[in-house]
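**Q**
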Amino acid sequence: MISTERTISTSEKIVIQTLDLFRVAQIKSKVMPRDLILTYHSVETERSGYKFAVNAQLFAQQIEYLADCAEIVPLGEVSQPATSNRPRIAITFDDAYGDFYDNVYPILRAKNIPAVVFVPTQFIESDQGLLERDEGIAKPHLTWEQMNHIAATSQIEFGSHTHSHKSAVDIIDTLRTDIQLSIVALEKNLGERPKHFAYPYGQYNMQTHDIVQNFGFETICTMDNTPLAAGPFQGRLDVYDRNQQLPYFKLTAAGLLSPGMKDFIRQTMYGRA
Ligand SMILES: [Zn+2]
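In my numbering, each residue carries its 1-based index in the sequence shown increased by 737.
#1: Can you give the Cα-Cα distance for Leu-965 and Met-884, rounded to whole angstroms?
#2: Within its chain, find whatever has a CB closer than 6 Å to the CB of Thr-741; leave out the 5 residues flanking it on each side and keep chain order.
#3: Could you check whether Phe-830 and Val-841 sit closer than 8 Å to each other, using their CB atoms as the reference points?
#4: Decide yes or no for the touch test of the stretch 868-883 against the stretch 819-827: beta carbon pairs closer than 8 Å, at least 3 of them.
#5: Starting from Leu-845, trace the alpha helix (DSSP H) in both directions and tell me its first and last residue.
#6: Indicate whether Pro-770 and Pro-824 have their beta-carbon atoms separated by less than 8 Å.
#7: Taking the alpha-carbon of Ser-779 as reference, which of Arg-930, Phe-837, Lys-903 and Leu-994 has the nearest alpha-carbon?
#8: Could you please give the first and the last residue of the uninterrupted alpha helix (DSSP H) stretch that includes Phe-796?
#9: Please look up how many angstroms separate the CB atoms of Leu-775 and Ile-828, rounded, as I've assumed it's under 8 Å.
#10: Anyone know if the C-beta pair for Gln-892 and Asn-951 falls short of 8 Å?
#11: Do the CB positions of Ala-833 and Pro-857 come within less than 8 Å of each other?
#12: My guess is that Phe-860 and His-902 are in contact by the Cβ rule of under 8 Å, so how many angstroms apart are they, rounded?
#13: Within 8 Å, do at least three Cβ pairs link the stretch 797-807 to the stretch 992-1002?
#14: So, helix, strand or coil for Gly-953, using DSSP?
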């Protein structure tokens, strides 16, 4: 039988050792996350090859770490003034992948942790096709039944991620209708109008902002890595690399990794540009 496991290259070993040094350094001075909104996509127990997936075991470690040192707040609270000295973190998941039900929901439910899942409603309604970014890997989505169960038994909410999951800047003329379709689908199937919105691919411009703002969402999420803001527009930090090791995650959440360093680690460990 041929093993599908990759062997670790020398450069990967160097990165892992470097991350270990970070871990040792953290024992001396605790690295704290900054106030932020995190973005995940898929959380997998077995590697599918999808590049926006976090290993389920590592995800559990990340949540444990965050719950230990930060206040994990509902997304709607990030624009409110802070009530404690602990860092405030909101957690979001884009695309409503089916593995959320098995690998994320039980963990968040057990700790009563709030989160928002952004749903591209067309993919739930028709249960077909792949998102553009899935690169040939078939990843099922959550069903309405699962989402209803999740919403009824946890602090997890569902937000709009448009209907078609097309880049908002590419569909200016139909963007309003596209968002409206997603709101109608979410309201019809989950019984509640979505309070939050996330741009597919994080892509927006002033025109799309005008259109989206008219829907009155409490939060409108981009993928800009910016500090939490007072208004509805919020940037988010992506933490959806495969196998994101805990020391690396801590440094990322603390804002201590420069973009260049992040790219270096990603390319070396994951062969990703
Ligand atoms: Zn998306």
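Beta carbons are placed, not taken as given, at the ideal position from N, Cα and C, and that holds for glycine.
**A** In brief:
#1: 28 Å
#2: The predicted model places Thr-741 with a pLDDT of 48, which falls under 50 and marks its position as unreliable; any figure quoted below should be read in that light. For Thr-741, where only same-chain residues beyond five positions count, there are no Cβ hits under 6 Å.
#3: yes
#4: no
#5: 842-847
#6: yes
#7: Phe-837
#8: 793-806
#9: 5 Å
#10: no
#11: yes
#12: 7 Å
#13: no
#14: coil
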